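For the sequence shown, the working numbering assigns the number 627 to the last residue and increments by one with no breaks.
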Amino acid sequence: MSSRIRELKVDVKTVYLGEEAAREGERYVFAYTVTMENTGNVPAKLLGRRWIITDANGKTIEVVGEGVVGEHPYLRPGEAFQYTSSAMIETPVGSMHGSYQLLADDGVPFEAPIAPFRLAIPRTLH
């Protein structure tokens, strides 16, 4: 009998949305693009997410919800799903981390961690 591996690889890229931030006043808006890949050997469906968003002042916001961008992607081994969303913080620098909650086809729920990543406006040289 083969071992059942339930694993999701998560990669995140961020972009500062300066024009959005200007309309929001003292807020900084960042887009983040997540690519998730089922690197295990069991198909799984993403059920929910949990994000912890922290700004440079230490203010923390927790976001918990179903799916991602209104979807519940189903990933077979080797398949990937990509989406883009956004986050707003009150300082020019912050961070995010969290986890995805999934259900494997064998009926076993599992959690995939999302490693911390930085939210920061680009540095300019004078």
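Glycine included, every Cβ here is placed at the ideal spot set by N, Cα and C. From a predicted model like this one, the values you see are computed outputs, not experimental measurements.
In three-state terms, what does DSSP make of residue i?
i, result
"glycine 566", "strand"
"glycine 559", "coil"
"glycine 519", "helix"
"threonine 592", "coil"
"proline 578", "coil"
Would you mind stating whether residue i and residue j have Cβ atoms separated by less than 8 angstroms?
i, j, result
"valine 569", "leucine 603", "no"
"threonine 515", "asparagine 558", "no"
"alanine 532", "threonine 585", "yes"
"threonine 611", "arginine 505", "In the sequence as displayed, the identity of residue 611 is phenylalanine instead of threonine. For phenylalanine 611 and arginine 505, no; Cβs fall outside 8 angstroms."
"arginine 551", "glycine 599", "yes"
"leucine 509", "threonine 555", "no"
Could you pull out every residue in the same chain whose Cβ sits closer than 8 angstroms to the Cβ of residue i, ignoring the five residues on either side in sequence?
i, result
"glycine 549", "Val565, Gly566, Glu567, Gly568, Tyr601, Gln602"
"threonine 625", "Interpretation of threonine 625 is limited by its pLDDT of 44, a score under 50 that renders its predicted location unreliable; no figure is taken from the coordinates."
Apart from the five residues just before and just after residue i, which ones in its own chain have a Cβ nearer than 6 angstroms to its Cβ?
i, result
"alanine 621", "Val594"
"leucine 518", "Val530, Ala532"
"threonine 534", "Lys514, Thr585"
Contact check, residue i vs residue j under 8 angstroms by CB: the rounded distance?
i, j, result
"glutamate 538", "alanine 581", "4 angstroms"
Measure from the C-beta of residue i to each C-beta in chain B and report whether the shortest distance is under 8 angstroms.
i, result
"glutamate 612", "No chain B appears in this structure, which consists of one protein chain only."
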